[in-house]
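Heads up: the sequence lines are chains A and B, in that order.
What the first sequence shows, in full-length UniProt numbering, is residues 1 to 223, in sequence order.
What the second sequence shows, in full-length UniProt numbering, is residues 1 to 641, in sequence order.
Think of the CB as a built atom: it goes at the ideal place given N, C-alpha and C, for glycine as much as any other residue.
A quick note: this is a predicted structure, and the numbers were derived from the prediction, not measured.
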Amino acid sequence: MILRLVIADGSQSPAVAESVEVAADGALTGWRSVSDGGAGWFDGRLPPAELAEIQALIEAVGATPPKAAARPDSAEEVLELDATGPVSIAGLTAGPGDWSKLAAAARGLLDRLTDFPRAVVGVRYAPGVARLVHRGADPVRVDVGTVTVGATAWRGYYEPAGDWAGAVAGPGEIEAGPEWTYDLPLGLSFDSDTVVHLTADFTILNGPTRIPVRAKFTPDAPS
Amino acid sequence: MASAEQRTPEFEPPDAVGVRRPDPGPAGPVMLPGAGNAAMARMLQGAPSGPAGLAELSALAGNAQLARFVGGPPAPAAPAAPGVGAHGGPIQELQVKLSRLQASAAPLTEDGRYGPLTEAAVRTFQTGAGIVPVTGLADPVTTAAIDAAFAALPAPVRVQLALGATGPDVGFAQQKLNAVGANPRLVINAVFDATMMGPVIAYEIAALHRFPTGTVDAAMWTALDAGVKGGFVAPEGAGATPVEQNTPSGTANSLGTQVAGTSLHPVVGVGGLTSGPGVHELQQKLNNAGAAPKLKDDGSFGPLTQAELRKFQSGRVPPLPATGTADKATWDALDVASPASMTGAVERQWTEVVGGATYSMVGVGASHYSWEIQKTRMLVTAKVNFVGLAAPGAWFGHVEAMWNQYKGVDPASGTSMPIDFKMSSGGGGDANTVEVKPGTGRANAGEWFVADPNASKTIPHEFGHLIGLQDEYQLHPGDYVRVTGHEPPVGDAAGPAIAPSVVATNLQNAMVARSSANAQAASIGAGVKGGAYAQRVVQEYAKLATVTVPAVAAVAGPPPVPAKPAVPLTGDLLFDLNAALPSDNNSYETIQTFSYSSGSIMGDPGRVTDPHDHGAQPRHLGEFMAILGRALGGTWEAKRR
Ligand SMILES: [Zn+2]
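1. What residues in the region 430-443 of chain B bring their beta carbon closer than 7 angstroms to a beta carbon of chain A?
2. Any C-beta of chain A within less than 9 angstroms: which residues of the region 351-363 of chain B qualify?
3. Is there at least one Cβ from chain B nearer than 8 angstroms to residue 134 of chain A's Cβ?
4. Taking only the alpha-carbon atoms, compute the straight-line gap between residue 40 of chain A and residue 561 of chain B and give it to the nearest angstrom.
5. Measure the CB-CB distance between residue 481 of chain B and residue 472 of chain B and report whether it falls below 8 angstroms.
6. Report whether the distance from the Cβ of residue 73 of chain A to the nearest heavy atom of ligand 1 is below 7 angstroms.
7. CB residue 557 of chain B to CB residue 17 of chain A, shorter than 8 angstroms?
8. Name the residue from A:124, A:108 and A:61 whose alpha carbon lies nearest to the alpha carbon of residue 181 of chain A.
9. Establish whether the CB of residue 605 of chain B and some CB of chain A are separated by less than 8 angstroms.
10. For residue 116 of chain A, which three-state DSSP category applies?
11. Please report whether the beta-carbon of residue 172 of chain A lies at a distance below 8 angstroms from any beta-carbon of chain B.
12. If we cut at 8 angstroms on Cβ distances, does residue 191 of chain A have a partner in chain B?
13. Is there at least one Cβ from chain A nearer than 8 angstroms to residue 183 of chain B's Cβ?
14. Let me know if residue 336 of chain B comes out buried or exposed under the rule of 16 or more other beta-carbons within 10 Å of its beta-carbon.
15. Going straight from the alpha carbon of residue 309 of chain B to that of residue 627 of chain B, what length do you get?
16. Residue range of the beta strand (DSSP E) that residue 258 of chain A falls in?
17. Taking 7 angstroms as the line, does the beta carbon of residue 620 of chain B fall inside it for any heavy atom of ligand 1?
18. Is the shortest distance between the beta-carbon of residue 564 of chain B and the beta-carbons of chain A less than 8 angstroms?
19. Among B:412, B:275 and B:211, which has the Cα closest to the Cα of residue 427 of chain B?
20. By Cβ distance below 7 angstroms, which residues in the same chain neighbour residue 328 of chain B in space, the five residues on each side in sequence not counted?
21. Check whether the region 142-162 of chain B and the region 216-224 of chain B are in contact - that is, three or more C-beta pairs closer than 8 angstroms.
22. In chain E, what lies closer than 7 angstroms to residue 365 of chain B by C-beta?
23. Just list the residues that DSSP pairs residue 154 of chain A with in beta bridges.
24. Ordered along the chain, which non-local residues of its own chain (more than five positions away) have a Cβ less than 8 angstroms from that of residue 437 of chain B?
25. Could you pull the start and end residues of the beta strand (DSSP E) that residue 373 of chain B belongs to?
26. Is the CB of residue 265 of chain B under 8 angstroms away from at least one CB in chain A?
27. Does residue 216 of chain A get closer than 8 angstroms to chain B when you measure Cβ to Cβ?
28. For residue 669 of chain B, tell me which candidate among B:510, B:553, B:610 and B:614 has the shortest Cα-Cα distance.
29. By Cβ distance below 7 angstroms, which residues in the same chain neighbour residue 435 of chain B in space, the five residues on each side in sequence not counted?
30. Give, in chain order, every residue of the region 569-584 of chain B whose Cβ lies closer than 7 angstroms to some Cβ of chain A.
31. Where are the beta strand (DSSP E) runs, 3 residues long or more, that stay fully inside the region 16-74 of chain A, in chain order?
32. Nearest by alpha-carbon distance to residue 479 of chain B: which of B:604, B:100 and B:255 is it?
33. Any chance the CB of residue 471 of chain B is under 7 angstroms from a heavy atom of ligand 1?
34. Of the choices B:522, B:485, B:516 and B:360, whose alpha-carbon is the least far from that of residue 495 of chain B?
35. So, does the CB of residue 6 of chain A fall closer than 8 angstroms to a CB anywhere in chain B?
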């Protein structure tokens, strides 16, 4: 492990609990609980150029980041490097300075992670339904007995065009594997000229642990 | 949430629980600084009694204290005679009364807007009172009947309280004693203990002018209730929803705590701002300070302004370095020479403690805003440099819909002017930087999400931070009363049938075990709800021997938990819960239980429903009322418009 970032925010429900870890050989692993790429385990490998960039950023920083309290309403962000141990980076906002650049790159790795699903359930939109989809090669146990679905439609550049939220009955506790999908009906149909965003809240089962998660679908609006 | 290791030495440590900040009001002796304990003890024992002893205690209580006790509430505004679509302070008063008369279906959100729910409540009242025809209009007959019915509502039934008493009324008495100046503040713990005895006796002497009995009896309740509003639970709406009535206390200051040694003015001139409101302010102040010939108030920092600034600097006694740049020292001198201006720019560096963690807006991330007193209104602008994606147009409207609800009123002169807030888009040294990110997520003061489905609430909240306002959730009691201007609620006074010390010990054990699930089980799971009982747990926790929780490695999970350094527990429950426990739902809800949150736009309306304290509140405009007073004279108050 040359870098680990954990972001946690218990004020949200489901709680935000995200982690990403980079190994010296470029292996990229982690967990997302609230994400556009779906919720679950991710596992991949950074191309050499990306790994080299991260390594250079890690080598550039000193042993301790500049002290900075986070902005109001910020989540907890803890970065671990071999040289530093755990350090809080929530106060390191975009800007110049090696630590700010490393913080931004580490946050970016959480998004990069979603390109490498291993055992993940995500959500996609098709007219009238929120479609749960499995991503990755490995199965994942989920409780989708009741899925809380939120849908928001946007017209133009993020002009609200209606929304709907409700609890939708699903198939219960199942093992979702490759090719698995399940359609959850929405209680409202949206105009075809809108972009629809979705959230689907369900539970991932990891042995005896039940982890509430949110898969999101938030494609860009045409700008 | 931030963690303990982020706290930096330059930040002032927050107040200990229950300790009131220094009173910014007129200096005077404090109420009972343990004062007169010997004298009180003698009197309670009955000797030596008589005038000499009373005089001794009066002296200790102090004249400022006495003045605070005898002050009365301001007179209410006169109601109008409106219907749907009407708005303003009188409508808000009407809503308060309709809820309390249980004419509304549910407690009305007191927003001063005469909408369908208010109209329906008026109809219900008219029907019940036999007023015909039933119009839903608050005509003079209806209004008079509502006023009469409201005035006829029974006063709260009060319990006589003596040493050792417990229950909600003890908490309400504590609120009221705090509101009249108990110093140090009483923890609202609903226990009449020796700490409460001091303020009770002081009030008896100073306000009731009587020989102390050490009890809150009927006479004292009458005086406390007459002097301080709120402090009881009333059924509201047809469903008789119990709503604790807020107890006003002191003057609210909803701004974040300014970082010591910082200026509220941006640097203007060479190396700083050379155009915009900050330059207007400089030119106006230089003119007021005697510039001859007067500078053109054009908001552009040119050679004439610079020369005049140098003249001002070198003319100080002792002279300031004639740099031609308005830095902190220069602005300090200008504020003395010329306190008033019609335009101003603010760069506010501030911190807050929320959920036991410190957050800040400092350096380039400080709150940047400006204001201008125009002919017919005051305009407050926060300019935002949006980076990343473009800001959706609707966001600008959300700010105005939430914030443009008030006017400044100077009752003495009868002058009033609307206070308009505006978020504008632009760059420069006086702009706030906000990154607009794709998709959805939890916004913070500098990071907003383009597809936030709750943007109508989120954006006005974050805008509040851009004009220097701090959060109003998960606060220590001292901060809560400062930012809201009302006492912490009594909430659940009784609590579960467990000694608070047991809960405190269990919480400490949970922290040592780094287990938020255990902390939740020890508190919420054991039946602890927010309020007076929870504050007894906070007090018991502070008495425990502190320990250091050893460092812990990251847990892969899921859910993942970050590594944490060793945490020396402090005895402050909120700090310790935040520092020791992982940031998850269990720890967040536990911290919520032992802290205070308002229901306003700067609070946590999602978790705290308070029909009396929601949206933008007059307290949030306090800074601008003070500015109006400096610029135009008089004492300005924010009123609904
Ligand atoms: Zn906030």
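On the basis of the coordinates in this document:
1. From the region 430-443 of chain B, only 435, 438, 439, 440, 442 and 443 have a Cβ closer than 7 angstroms to chain A.
2. Here the close residues are 351, 352, 354, 355, 357, 358, 359, 360, 361, 362 and 363.
3. The count along the first sequence starts at 1 and reaches residue 134 of chain A at position 134. Chain B contact via Cβ: absent.
4. As a position in the first sequence, residue 40 of chain A is number 40, starting the count at 1. As a position in the second sequence, residue 561 of chain B is number 561, starting the count at 1. Looking at the two C-alpha atoms, the distance is approximately 15 angstroms.
5. Along the second sequence, one-based indexing puts residue 481 of chain B at 481. Along the second sequence, one-based indexing puts residue 472 of chain B at 472. No, Cβ-Cβ distance for residue 481 of chain B and residue 472 of chain B is not below 8 angstroms.
6. As a working note, residue 73 of chain A is residue 73 in the first sequence. Taking non-hydrogen atoms of ligand 1 into account, the C-beta of residue 73 of chain A is found less than 7 angstroms away from one of them.
7. Along the second sequence, read from residue 1 onward, the residue named residue 557 of chain B stands at position 557. Along the first sequence, read from residue 1 onward, the residue named residue 17 of chain A stands at position 17. In contact: residue 557 of chain B and residue 17 of chain A (Cβ atoms closer than 8 angstroms).
8. Here residue 181 of chain A refers to the residue found at position 181 of the first sequence. In terms of Cα proximity to residue 181 of chain A, the closest of A:124, A:108 and A:61 is A:124.
9. As a first step, residue 605 of chain B must be located in the second sequence, where it is residue number 605. No, its Cβ sits nowhere closer than 8 angstroms to a Cβ of chain A.
10. As a working note, residue 116 of chain A is residue 116 in the first sequence. Correct three-state label for residue 116 of chain A: coil.
11. Start at 1 with the first residue of the first sequence, and residue 172 of chain A comes out as number 172. Cβ-Cβ to chain B under 8 angstroms: no for residue 172 of chain A.
12. The residue given as residue 191 of chain A occupies position 191 in the first sequence. No, residue 191 of chain A does not count as interfacial toward chain B.
13. Here residue 183 of chain B corresponds to residue number 183 of the second sequence, with the count starting at 1. Chain A contact via Cβ: absent.
14. Residue 336 of chain B sits at position 336 when you count from the first residue of the second sequence. Sixteen is the threshold: since fewer than 16 other Cβ atoms of the shown chains lie within 10 Å of the Cβ of residue 336 of chain B, the residue is exposed.
15. As a working note, residue 309 of chain B is residue 309 in the second sequence. As a working note, residue 627 of chain B is residue 627 in the second sequence. A straight-line Cα-Cα distance of about 23 angstroms links residue 309 of chain B and residue 627 of chain B.
16. What the structure shows of chain A is the stretch from 1 to 223, and residue 258 of chain A is not part of that stretch, so it cannot be assessed.
17. Taking the first residue of the second sequence as 1, we reach residue 620 of chain B at position 620. No, the Cβ of residue 620 of chain B stays beyond 7 angstroms of every heavy atom of ligand 1.
18. If you number the second sequence from 1, residue 564 of chain B lands on position 564. Chain A, which has a Cβ nearer than 8 angstroms to the Cβ of residue 564 of chain B, makes this yes.
19. By one-based count along the second sequence, residue 427 of chain B stands at place 427. Ranking the options by Cα distance to residue 427 of chain B, first place goes to B:275.
20. By 1-based counting over the second sequence, the position of residue 328 of chain B is 328. 263.
21. Short answer: they touch.
22. In the displayed structure, chain E is absent; the protein chains listed are A and B.
23. For the purposes of this step, residue 154 of chain A is identified with residue 154 of the first sequence, where counting begins at 1. Its beta-bridge partners are A:160 and A:195.
24. Along the second sequence, read from residue 1 onward, the residue named residue 437 of chain B stands at position 437. Counting only Cβ-Cβ distances below 8 angstroms, and skipping sequence neighbours, we find 388, 389, 447, 448, 449 and 450.
25. Locating residue 373 of chain B in the second sequence gives position 373, counting from the first residue. Start and end: 367-373.
26. By 1-based counting over the second sequence, the position of residue 265 of chain B is 265. False, the Cβ-Cβ gap to chain A never drops below 8 angstroms.
27. If you number the first sequence from 1, residue 216 of chain A lands on position 216. Yes, contact with chain B.
28. Chain B is shown from 1 up to 641; residue 669 of chain B falls before or after that span and cannot be answered.
29. Numbered from its first residue, the second sequence carries residue 435 of chain B at position 435. For residue 435 of chain B, where only same-chain residues beyond five positions count, the Cβ hits under 7 angstroms are 387, 388, 446 and 447.
30. Taking 7 angstroms as the Cβ-Cβ cut-off against chain A, the residues of the region 569-584 of chain B that qualify are 582, 583 and 584.
31. Counting whole runs of 3 or more residues, the region 16-74 of chain A contains the beta strand (DSSP E) stretches 16-22, 27-32 and 39-45.
32. The residue given as residue 479 of chain B occupies position 479 in the second sequence. When C-alpha distances from residue 479 of chain B are compared across B:604, B:100 and B:255, the shortest belongs to B:255.
33. Residue mapping note: residue 471 of chain B aligns to position 471 of the second sequence, counting from 1. Correct: residue 471 of chain B has its Cβ closer than 7 angstroms to ligand 1.
34. Translated into the one-based positions of the second sequence, residue 495 of chain B becomes position 495. Here the closest residue by C-alpha is B:522.
35. Here residue 6 of chain A corresponds to residue number 6 of the first sequence, with the count starting at 1. Output row for residue 6 of chain A: interface = yes.
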